[in-house]
Amino acid sequence: MVQQMLNWSLVKTAGVLVTLTLTPLLALCLLAIWYLPEPYSFTLWGLSLTVMACAAAVAMLAGWLWNRRLTRQVDLLIEHCHSLALGEPETLDDWPSYLAELGRLGIAIQVLREALVDYLSLYRRFFEAAPDMFLSLSPAGGHILDANQAFCRTVGLLRNEVLGQSVERFVSLDEGWDAAVSGKEGLQKGRVKTGQDWLQVEASISLERGPEGQPWVLGAILRDVTQRELLHRELLSKSTALEKALEEIKNVEELKDQFLTTLSHELKTPLVSLKGFLQLMLSGRMKPEDKQNYLEICWRNLSKLETQINNLLDLARLAHAKDQYEMGQVELGKLIRTEADNLRAMAAERDVSLDLTQVTPAPVMVMGNAEKLIQLVDNLLLNAVKYNKEGGQVTVGLEKLDNRVEFKVTDSGVGMAREHMAKIFNRFYRADLSGTGRLEGLGIGLSLVQEIVRLHGGHISVESEPGVGTCFTVLLEAVY
Amino acid sequence: MNAKPPLVLLVEDDADTATLYMAMLSAEGWLVVSCENGQTARDWCFNTQEPPQLMVLDVRLPDTSGVELCQELINALPGEYRPAVLMLSAHGDPRMPSRCREAGARAFLDKLRDLDRFVDTAKLLLEEQASLNNSRFYHVNLTEMPD
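Going down the list, the sequences are from chains A and B.
In terms of our numbering, the first sequence opens at residue 1383 and continues consecutively.
In terms of our numbering, the second sequence opens at residue 89 and continues consecutively.
This is the structure we're talking about:
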């Protein structure tokens, strides 16, 4: 268009020159031809034509030169605009002064460009300074058109290494980019690859309607939520732990209430008989032949009371004053045989046999407190007899394994379900192992056993099968 | 002709305590049937030809709660045979007397109370029961025994 305009200017210039030069000359020639005689008039005609031809040639040459000058300025202007478009901060300072016609137009373009750059730089600075990752994407292909510093820093690449790449190479959305492209609204969760690792991000996808109404992705803002998710998970796990602790506290409270009720019952019941029979004897209402029986009942209940109180005190003492027990060498085999013999009468009453054939005849020495070890063996043997079936058997085993001693008590009783096995060592836990609905004792027997095992630095475990029986295994350190 | 002695049903799981109460109740010349758990008591009650005039129930039984047993037996026995119920407990739970009263028990005693108190309460309940049976006047409520 500019070229056309220039061509038109050339023609116009040439025309003006020709008109201005030739019109008076032509008028002069016509007057001369009209008034001058013949040889002079022909000469004048020739001269006029020559001058006209020269004027035309000069006009054409001037037009051509003018056209060249303007074309050069236009080329310079176009070249300058290209430089500006490529972001080169080139100014028009070096514009040749002898080509001033279009220079002002160039300066106007530069002013416009600078205004635009200022305007865009606000957005660019915001884009670059954002701590979130900004990505501009090609609507159809999902290729990265632009990425801010936060993104380049995160992926550990330079901007030109990122531009043009598929966004899926760096960013994966939990629900996939297809869902994002299909116009799914709201924040989406995803991950950004950072070298060998992944950052968890929250993605806000910018969409636009395409020419046919289809959604197009324009870009994405990605926020690093790794730390937040980590804290969230931590919070969640802490909250779960707190809930669990609260539940445990509630259970402990419940257990405590149950324990107080049980304690009251277990301590008061022997007292009721003791007090009642003593009152009967004191009041003189007792028949003389009943005296022995009543005294035996009193004695039995007194012993029961003593056992309960001792167990309670032992448990408290074991838990808080482990270093106060005197330790010495104890021959465990002999101790087990003695305690089993003491229990034989009670076992026979319940038709339960005690089998000690698996107790090694060789002396088995352990370092421990003899009194507590007796309590440990007693408790386990007593439970095995008590929760056995009629005609059942209790097998006791003792053997030396390298530097450890294994003591086993196996019964052929009611056994227990897994839910009980996890809790039987808990203080005050009582399971209906007899199957009668009766919850006997204070629920501290096995807890006491465990405390004694701990006191000796040992380990206790239980295996059981409902209806088949239960086996307690105690491991203690051997002494040579 | 001597009147027939009252029949007392004693439900107590601890053998020694049961022996004690049996000795006390028998000493009064009453007939005592002793059961060690709820099921035995239920079986006996539903099969006996002669319902008891007094039931002495332990609150804590191995197979059921004494409170539930009290309610069940009172509801099961027809009005004219409905016995007086004395509940015994070693619980020390302050809510227990009112729970027993709601279940239909006429008296509640702590097991550690004086034995004479136990016998006196049983005696009083039997007398009231006799008077109720004679007058067929049932809406007397004596659940709270004065100290």
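Yeah, the Cβ is synthetic: ideal placement off N, Cα and C, and Gly gets one too.
Own chain residues within Cβ distance below 6 Å of residue i, not counting five before or after
i: A:Met-1434; result: Leu-1404
i: B:Leu-97; result: Val-121, Pro-140 and Met-143
i: A:Leu-1581; result: Val-1574, Asp-1606 and Thr-1608
i: A:Trp-1427; result: none
i: B:Gly-126; result: Leu-149, Asp-151, Thr-152 and Leu-157
i: A:Thr-1401; result: none
i: A:Ile-1415; result: Ser-1423
i: A:Glu-1611; result: Gln-1582
i: A:Met-1668; result: Leu-1662
CB contact check: residue i to chain A, cutoff 9 Å
i: B:Lys-199; result: yes
i: B:Met-112; result: yes
i: B:Asp-181; result: yes
i: B:Arg-187; result: no
i: B:Thr-107; result: yes
i: B:Asp-202; result: yes
i: B:Ala-218; result: no
i: B:Ala-115; result: yes
i: B:Asp-208; result: no
i: B:Asp-104; result: yes
is_contact[residue i, chain B] using C-beta, thresh 9 Å
i: A:Leu-1857; result: no
i: A:Asn-1692; result: no
i: A:Val-1748; result: no
i: A:Lys-1716; result: no
i: A:Thr-1818; result: Below a pLDDT of 50, predicted positions are generally treated as unreliable, and A:Thr-1818, at 49, falls in that range; no measurement from the model is reported.
i: A:Arg-1682; result: yes
i: A:His-1647; result: yes
i: A:Ser-1655; result: yes
i: A:Gln-1336; result: Lying outside 1383 to 1862, the shown extent of chain A, residue 1336 of chain A is not represented and no answer is given.
i: A:Arg-1732; result: no
i: A:Ile-1679; result: yes
i: A:Phe-1641; result: no
i: A:Gly-1658; result: yes
i: A:Lys-1650; result: yes
Cβ-heavy atom distance, residue i to the ligand FAD, below 8 Å
i: B:Glu-100; result: Ligands displayed in this structure: none; no statement on the ligand FAD is therefore possible.
Cα-Cα separation between residue i and residue j, rounded to whole angstroms
i: A:Val-1745; j: A:Asp-1723; result: For clarity, residue 1745 of chain A is Pro in the given sequence; the question names Val instead. Those two C-alpha atoms are separated by around 18 Å.
i: A:Ala-1866; j: A:Leu-1624; result: This structure cannot speak to residue 1866 of chain A, because chain A is shown only from 1383 to 1862.
i: A:Leu-1459; j: A:Leu-1569; result: 48 Å
i: A:Asp-1733; j: A:Lys-1771; result: 8 Å
i: A:Leu-1452; j: A:Leu-1539; result: 47 Å
i: A:Leu-1642; j: B:Arg-130; result: 29 Å
i: A:Tyr-1417; j: A:Leu-1429; result: 16 Å
i: A:Cys-1411; j: A:Trp-1448; result: 31 Å
i: B:Cys-133; j: B:Leu-165; result: 8 Å
i: A:Pro-1406; j: A:Leu-1413; result: 11 Å
i: A:Leu-1604; j: A:Val-1499; result: 26 Å
i: A:Leu-1662; j: B:Ser-177; result: 20 Å
i: A:Met-1709; j: A:Lys-1632; result: 38 Å
i: A:Glu-1713; j: A:Glu-1845; result: 26 Å
i: A:Gly-1795; j: A:Gly-1849; result: 7 Å
Proximity test, Cβ basis, 9 Å: residue i and chain C
i: A:Pro-1670; result: The displayed structure is made up of protein chains A and B, and chain C is not among them.
Neighbourhood of residue i by C-beta, 8 Å cutoff - its chain only, sequence neighbours within 5 removed
i: A:Thr-1818; result: Here A:Thr-1818 scores only 49 on pLDDT, less than 50, and its place in the model should not be relied on; the value that follows carries that caveat. Excluding positions up to five away in sequence, the list is empty.
i: A:Ile-1491; result: Leu-1459, His-1462, Cys-1463 and Leu-1466
i: A:Ile-1842; result: Phe-1807, Val-1831, Gln-1832, Val-1835, Phe-1854, Thr-1855, Val-1856 and Leu-1857
i: B:Gln-159; result: Ala-191 and Gly-192
i: A:Gln-1711; result: Met-1747, Val-1748, Met-1749 and Val-1861
i: A:His-1525; result: Leu-1519, Gly-1546, Gln-1547, Ser-1548 and Val-1549
Residue nearest to residue i in terms of C-alpha spacing, selected from the options
i: A:Gly-1558; options: A:Glu-1671, A:Asp-1528, A:Ile-1587 and A:Gly-1577; result: A:Ile-1587
i: A:Ile-1718; options: A:Asn-1693, A:Glu-1788 and A:Leu-1656; result: A:Glu-1788
i: B:Met-110; options: A:Arg-1486, A:Arg-1615, A:Val-1599 and A:Tyr-1676; result: A:Tyr-1676
i: A:Gly-1827; options: A:Arg-1800, A:Gly-1774, A:Gly-1851 and A:Lys-1768; result: A:Lys-1768
i: B:Leu-214; options: B:Thr-128, B:Asp-104 and B:Arg-170; result: B:Arg-170
i: B:Ser-186; options: B:Val-147, B:Arg-205 and B:Ala-218; result: B:Val-147
i: B:Asp-104; options: A:Pro-1652, A:Leu-1408 and A:Val-1778; result: A:Pro-1652
i: A:Asp-1793; options: A:Arg-1800, A:Glu-1550 and A:Asn-1765; result: A:Asn-1765
i: B:Gly-154; options: B:Leu-113, B:Ser-114 and B:Val-99; result: B:Val-99
i: A:Gly-1577; options: A:Val-1537, A:Glu-1584 and A:Tyr-1501; result: A:Val-1537
Close beta carbons around residue i, own chain, < 7 Å, minus the five adjacent residues each side
i: A:Asp-1556; result: Gln-1570, Lys-1571 and Gly-1572
i: B:Pro-93; result: Gly-117, Trp-118 and Leu-119
i: A:Tyr-1707; result: Asn-1751, Lys-1754 and Leu-1837
i: A:Arg-1541; result: Ala-1529 and Cys-1534
i: A:Gly-1592; result: Pro-1521 and Trp-1598
i: A:Ala-1562; result: Leu-1555, Gln-1570, Ile-1587 and Val-1599
Beta strand (DSSP E) runs contained entirely in the stretch 1513 to 1563 of chain A, provided each spans 3 or more residues: Listed in chain order, they are 1515 to 1519, 1526 to 1529 and 1553 to 1555.
With a floor of 4 residues, list each alpha helix (DSSP H) that falls wholly inside the stretch 1649 to 1731 of chain A, ordered by position along the chain. Inside the stretch 1649 to 1731 of chain A, DSSP marks whole alpha helix (DSSP H) runs of 4 or more residues at positions 1673 to 1702 and 1714 to 1731, from first to last along the chain.
Taking only runs of the alpha helix (DSSP H) that begin and end inside the stretch 150 to 174 of chain B, which ones reach a length of at least 4 residues, in chain order? Runs of the alpha helix (DSSP H) inside the stretch 150 to 174 of chain B: 154 to 164.
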